[in-house]
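A.B. asks: Positions 1 to 423 (UniProt numbering) are the ones given, in order, by the sequence shown.
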Amino acid sequence: MRTGGWAAAAAIALAIVGCGGGGDHPIGAGTPTGGAGSGSGGTPPGGGGTTPGSGGTTPGGGGTTPGAGGTTSAGGSGSGGGAGPGGGRGAPLAATYTEGKVRFFAVGADGTSYGQRLDDAPDQLYASADGRTWTLRAAQPTGRVFFLVIPLRSGALLADTIGADGSHAISRSSDGGRTWSVVLPLGKYRLLTPASVAELGGEVFAIEYQAFTGQSVPIRLWASDDDGRTWSVRNVTTTHRHGHGLLADPAAGALWTFYGDLQGGTYLSLDGGRTMTLVRGPLDGGVLVMAVPTAQGLLGGLDTLWQALPPNVVTLSFGGAYAQHFQLPGPSYSIRALDGGGYLVGAAREPTGDVYPDASAHLFASPDGVSFREVFSCPQLDPTATARADVYFQLPTGEAVVQVVNCAGFGAGGLGYVLLSPP
1 MRTGGWAAAA AIALAIVGCG GGGDHPIGAG TPTGGAGSGS GGTPPGGGGT
51 TPGSGGTTPG GGGTTPGAGG TTSAGGSGSG GGAGPGGGRG APLAATYTEG
101 KVRFFAVGAD GTSYGQRLDD APDQLYASAD GRTWTLRAAQ PTGRVFFLVI
151 PLRSGALLAD TIGADGSHAI SRSSDGGRTW SVVLPLGKYR LLTPASVAEL
201 GGEVFAIEYQ AFTGQSVPIR LWASDDDGRT WSVRNVTTTH RHGHGLLADP
251 AAGALWTFYG DLQGGTYLSL DGGRTMTLVR GPLDGGVLVM AVPTAQGLLG
301 GLDTLWQALP PNVVTLSFGG AYAQHFQLPG PSYSIRALDG GGYLVGAARE
351 PTGDVYPDAS AHLFASPDGV SFREVFSCPQ LDPTATARAD VYFQLPTGEA
401 VVQVVNCAGF GAGGLGYVLL SPP
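(1) When the distance is taken between beta carbons, is P383 closer than 9 Å to P351?
(2) Rounded to whole angstroms, what's the CA-CA distance from A254 to G272? Just pull it up for me.
(3) Suppose contacts are defined by Cβ-Cβ distances below 9 Å. Is A198 in contact with L270 by that definition?
(4) Quick check: what's the CA-CA separation for S196 versus P293?
(5) Three-state secondary structure (DSSP) at G201?
(6) Taking the alpha-carbon of T237 as reference, which of W231, S224 and G264 has the nearest alpha-carbon?
(7) Could you check whether L299 and V287 sit closer than 9 Å to each other, using their CB atoms as the reference points?
(8) What separation, rounded to the nearest whole angstrom, lies between the Cα atoms of L186 and D249?
(9) Give the list of continuous beta strand (DSSP E) stretches no shorter than 3 residues that lie fully inside the segment 201 to 246.
(10) Looking at the secondary structure, which residues open and close the beta strand (DSSP E) in which Q324 lies?
(11) Would you please state the rounded distance, in angstroms, between the beta carbons of L118 and V102? I believe it to be under 8 Å.
(12) Report yes if the C-beta distance between P367 and G398 is below 9 Å; otherwise report no.
(13) Okay, do the segment 171 to 181 and the segment 136 to 151 touch, 3+ Cβ pairs below 8 Å being the bar?
(14) Mark F410 as exposed unless 16 or more other C-beta atoms lie within 10 angstroms of its C-beta, in which case mark it buried.
(15) Could you compute how far the alpha carbon of L415 sits from the alpha carbon of G243?
(16) Just to check my reading of the structure: A348 and L93 have Cβ atoms closer than 8 Å, yes? What is that Cβ distance to the nearest angstrom?
(17) Run through DSSP, which three-state label would A291 get?
(18) Secondary structure at S269, three-state DSSP: helix, strand or coil?
(19) Specify the secondary structure class of P351 as computed by DSSP and reduced to three states.
(20) Cα separation between P379 and P357?
(21) Do the segment 154 to 164 and the segment 218 to 228 make contact, defined as three or more Cβ pairs closer than 8 Å?
(22) Looking at the secondary structure, which residues open and close the beta strand (DSSP E) in which Y259 lies?
(23) In the DSSP assignment, the beta strand (DSSP E) including P151 goes from what residue to what residue?
(24) Near G297, what residues of its chain come up, given a Cβ to Cβ distance below 6 Å and the 5 sequence neighbours on each side ignored?
(25) Looking at the structure shown, is S173 part of a helix, part of a strand, or coil, going by DSSP?
(26) In the structure shown, what three-state DSSP assignment does T96 receive?
(27) Which residue marks the beginning of the beta strand (DSSP E) containing G297, and which one marks its end?
(28) Considering Cα atoms alone, identify which of D175, R234 and W231 is closest to D110.
(29) Taking all protein chains shown into account, decide if Q307 is buried (16 or more other Cβ within 10 angstroms of its Cβ) or exposed.
(30) Please go through the same chain and pick out, in chain order, the residues whose beta-carbon is closer than 6 Å to the beta-carbon of A387, but skip the five residues on each side of it.
(31) Output the distance between the C-alpha atoms of A323 and S371, rounded to the nearest integer angstrom.
(32) By the 10 Å Cβ neighbour count, where 16 or more other Cβ atoms means buried, how is A295 classified, buried or exposed?
(33) Smallest Cα separation from A385: which of G413, A252, Y259 and Y97?
(34) Which residues does DSSP list as the beta-bridge partners of F104?
(35) So if DSSP puts P379 in a beta bridge, which residue, or which two residues, is it bridged to?
(36) How many whole angstroms separate the CB atoms of R241 and V279, which I take to be in contact at a CB cut-off of 8 Å?
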């Protein structure tokens with residue numbers, strides 16, 4: 001193994017821990033952090049008509065159930081009652097494995113896990129059959145660095161990779177990460193999370209994210225009809241700062257798009273992203289980074305830092321009916337609908353904001369999307385960077401993979417992961 005790679009891997013990971021730098025979040029009455037943020041309102045991309053959703057909010061209540069925290073501990077007991085985040089009580093999920101030497105990327109369609117050893121160069125991709133023992137799989141050609149790895153249902157892998165000049169590109173592998181080729185140069189744009197890519201109706205979609213300006217810029221929705229081999233622009237918006245993520249709902253034939261930030265919004269398309277309808281926005285109830293489908297619409301946690309508009313787990317219907325169910329202790333960048341039923345929702349700890357009860361990232365579990373309990377937390381390592389605890393994947397065993405960034409007690413840059421037993 002080549003030594004010294006951990007520093008580069010940590011730097012790359014810390015570059016993605018927040019939702020994008022200056023201008024991301026409102027302060028008080030809406031003053032952006034660092035530079036001028038986006039304005040208000042928003043014309044939907046693709047020429048679709050705007051139909052802002054209506055419907056009253058019904059905030060959920062519940063007593064506080066803080067977890068015991070700790071650098072690698074899952075859940076814990078706490079006293080209920082009082083204001084703030086609340087939810088149901090119950091036994092925490094058990095941590096079955098903790099790793100501080102590997103940055104976890106993804107679980108492929110065949111159950112193979114992919115990651116990056118922190119003591120090797122960041123152009124090296126490792127694979128694991130059990131999420132515990134890792135072997136070198138391959139390196140990115142021409143020394144490109146792995147930023148994100150996103151599996152497709154076909155078994156192919158997409159990766160957001162970084163070149164020596166700092167430019168991003170989507171690379172593709174059809175052989176389990178052994179060989180790679182660049183299929184979509186992105187330049188200064190990039191992907192944000194695994195939810196930046198979605199599959200629907202035999203097509204693959206990718207939404208751009210950027211952190212090079214706090215202003216609204218052209219954001220492209222890319223589409224591929226050949227499993228990510230070639231791409232074309234399906235839609236463009238110029239009224240938002242960046243694309244937070246996508247959600248495909250095959251049962252409804254729906255593609256949801258989440259745009260941020262101050263001029264954010266949640267859009268719905270029923271024709272593969274060609275036209276989009278504004279369902280909720282701009283900051284009317286906050287913005288989403290990721291959500292999961294429900295029979296009525298979607299469920300997700302809000303990305304907001306301020307008590308004036310506190311982060312909540314919310315439901316949003318196709319027609320715009322909106323309800324709040326559980327107040328989170330920080331902005332949410334992830335939600336997982338568990339294979340065995342129930343949900344896991346992450347809450348980050350950013351350097352700014354006034355919603356936080358402590359300096360930790362948290363993870364909450366729910367059997368129904370309404371009542372929640374904390375099952376994991378980890379203290380923020382560097383107070384100037386965002387701490388995160390996100391679940392995007394499960395192993396074939398059902399164990400949930402908690403990917404941590406900037407958390408004390410883990411590897412370089414606070415990187416690592418924890419496996420939690422199925423609920």
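Backbone N, C-alpha and C define an ideal beta-carbon position, used for all residues, glycine too.
No experiment lies behind these values; they were computed from the predicted model shown.
C.D. replies: By the coordinates alone:
(1) yes
(2) 8 Å
(3) No, these two residues do not count as a Cβ contact at 9 Å.
(4) 15 Å
(5) coil
(6) G264
(7) no
(8) 26 Å
(9) 203 to 207, 219 to 224 and 232 to 237
(10) Y322 to Q327
(11) By a beta-carbon distance limit of 8 Å, L118 contacts V102. Their separation comes to about 7 Å.
(12) No, these two residues do not count as a Cβ contact at 9 Å.
(13) yes
(14) buried
(15) 25 Å
(16) Separation of the CB atoms of A348 and L93 is rounded to 19 Å, and the pair is thereby denied contact status at 8 Å.
(17) strand
(18) strand
(19) In the structure shown, P351 sits in coil (DSSP, three-state: anything other than H, G, I, E or B).
(20) 12 Å
(21) yes
(22) Per DSSP, Y259 belongs to the beta strand (DSSP E) from A254 to G260.
(23) Counted as a single uninterrupted DSSP element, the beta strand (DSSP E) harbouring P151 occupies residues V145 to P151.
(24) Setting aside the 5 residues that flank it on each side, G297 is surrounded in the same chain by L316, S317 and F318, each with a C-beta closer than 6 Å to its C-beta; the list follows chain order.
(25) For S173, the secondary structure class from DSSP, reduced to helix, strand or coil, is strand.
(26) strand
(27) G297 to L302
(28) The shortest C-alpha separation from D110 is found at D175.
(29) exposed
(30) R349, A361, Q380, N406 and C407
(31) Looking at the two C-alpha atoms, the distance is approximately 13 Å.
(32) exposed
(33) G413
(34) Beta bridge pairing from DSSP links F104 with G115.
(35) S360
(36) 19 Å between Cβ atoms; not a contact.
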